Structures are given as structure tokens and as C-alpha cells.
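Asks:
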Amino acid sequence: MRTGYYPGTFDPITYGHLDIISRAAKLFDKLYVSVSYNPIKNPLFTTEERVALVKEVMKDIPNIEVVESNMLTVEHCKILGADHIVRGLRAVTDYDYEFQLTNINREINPEVDTVFFMTQGKYSFLSSSSVRELAQFGGDVSSMVPDVVKEAIDRKFKKH
Ligand code: ADP
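Numbering (the numbering used here), first residue to last: 438 to 597.
1. Y442 by DSSP, collapsed to three states: which one?
2. Since F536 is in the alpha helix (DSSP H), which residue starts that stretch and which ends it?
3. Between T631 and ligand 1, is there a pair consisting of the residue's CB and a ligand heavy atom that are separated by less than 8 Å?
4. Could you tell me which of P449, V568, S579 and S565 sits nearest to E493, measuring between CA atoms?
5. Cβ of R524 versus every heavy atom of ligand 1: is any distance shorter than 8 Å?
6. Classify M495: buried if its beta carbon has 16 or more other beta carbons within 10 angstroms, exposed otherwise.
Rendered as C-alpha cells:
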């Protein structure tokens, strides 16, 4: 059985993440989508809120399980029996960071390999941070995130 593990902060989940997840789900028998606790990033949404949004958005893909993580990615892969880490690549600016991360993970556990999905052109400038920034100033994020996420953002910024 081929098991993948897609880690991220998902603060919040965007159409860019969704694209990577639905494509990766076709390649693996099972795909864990792992929402990292990550206090360093001072997230807009709590871990529970981020997990709930990912679950809601992913509910129609049967071979996906949403989990929460506050440990090293490769350690969590070992516990869950995942043999591949999935990451998304946007512009070249992602490359350096992902290259370092992949090599650190390989150093810790050479049995877990990392695979990359290239984003679709229309999502190449889409990031959770740009969604947060735009939303904070009342911008329209409906082309960037699913409706349920947009509603949660509106509630955060008290539009309703
Ligand atoms: P991190 O906190 O590690 O930056 P994110 O939640 O922002 O995690 O993203 C998780 C993964 O999804 C990363 O591999 C990131 O490159 C990828 N990703 C984020 N946005 C997009 C997008 N628009 N298209 C493709 N991949 C993306």
C-alpha cells in the first residue's frame, strides 16, 4: 500500500492546496493531510479551526485522512506508515526552502522520500499569507479559497 503525507500549516487551506491534494490522492492509496500546530507562525486560525476547514473541504475524497501534528514530519510518517512526503511547488522561490527541507528529512529518515507536485499556473501566486493579507483589508478572496473558508475568514474579520 502506497501512503502519502502532505504537511502544511493550511492557515487557511486555499485552492492551491486543494489542487495538490486532489492530484496526490490519485497517486496514493491513502493520503494523510497533516495540519501542523506551528506556533511560530502565529496563525490566524487555531489548529482545531484549520483541521475542521480542511476536513470540510476534503470530505468528498475518500482516501484522505486529515490529521494534526506537533512533531517532526518524518517521525509522524513513521508512526502512520507513510512512505512519501508530498509538497507543492510554485515559483522558483519555493525551491531553496523545499530543497533544504527535503535534505533534512532525508537525513533523519532516508526511507521516507519527498515528491513534488508543480502547481497549475493559475495558482502559482496563491498563498495562505496573501489570502490573509487581502482579507484583512476587506479584499475579495472568493477566487482563492472555497466558500466555506471564505465564510470562516469573514467571521474572523467580523464581516457578519
Ligand atoms: P508551510 O507552512 O510549510 O509553508 P503551507 O500550508 O503554506 O505550508 O503549504 C504546504 C505545502 O503546500 C507547501 O509545499 C507549499 O509549497 C504548498 N503550496 C502552498 N500553496 C500552494 C499553491 N498555490 N500551489 C501549489 N502548492 C502550494
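For glycine and all other residues, C-beta sits at the position ideal for the given N, C-alpha and C.
Being a predicted model, the structure only gives us computed values, none of them experimental.
Replies: Put simply:
1. In the sequence shown, residue 442 corresponds to position 5, counting from 1. In the structure shown, Y442 falls within a strand segment according to DSSP collapsed to helix, strand and coil.
2. As a position in the sequence shown, residue 536 is number 99, starting the count at 1. Note, F536: alpha helix (DSSP H), T530 to I545.
3. With the chain running from 438 to 597 in the structure shown, residue 631 is simply not present.
4. Residue 493 sits at position 56 when you count from the first residue of the sequence shown. Of the listed residues, the one whose Cα sits closest to E493 is P449.
5. Residue 524 sits at position 87 when you count from the first residue of the sequence shown. Yes - ligand 1 has a heavy atom lying nearer than 8 Å to the Cβ of R524.
6. Start at 1 with the first residue of the sequence shown, and residue 495 comes out as number 58. With a 10 Å radius around the Cβ and a threshold of 16 neighbouring Cβ atoms, M495 comes out buried.
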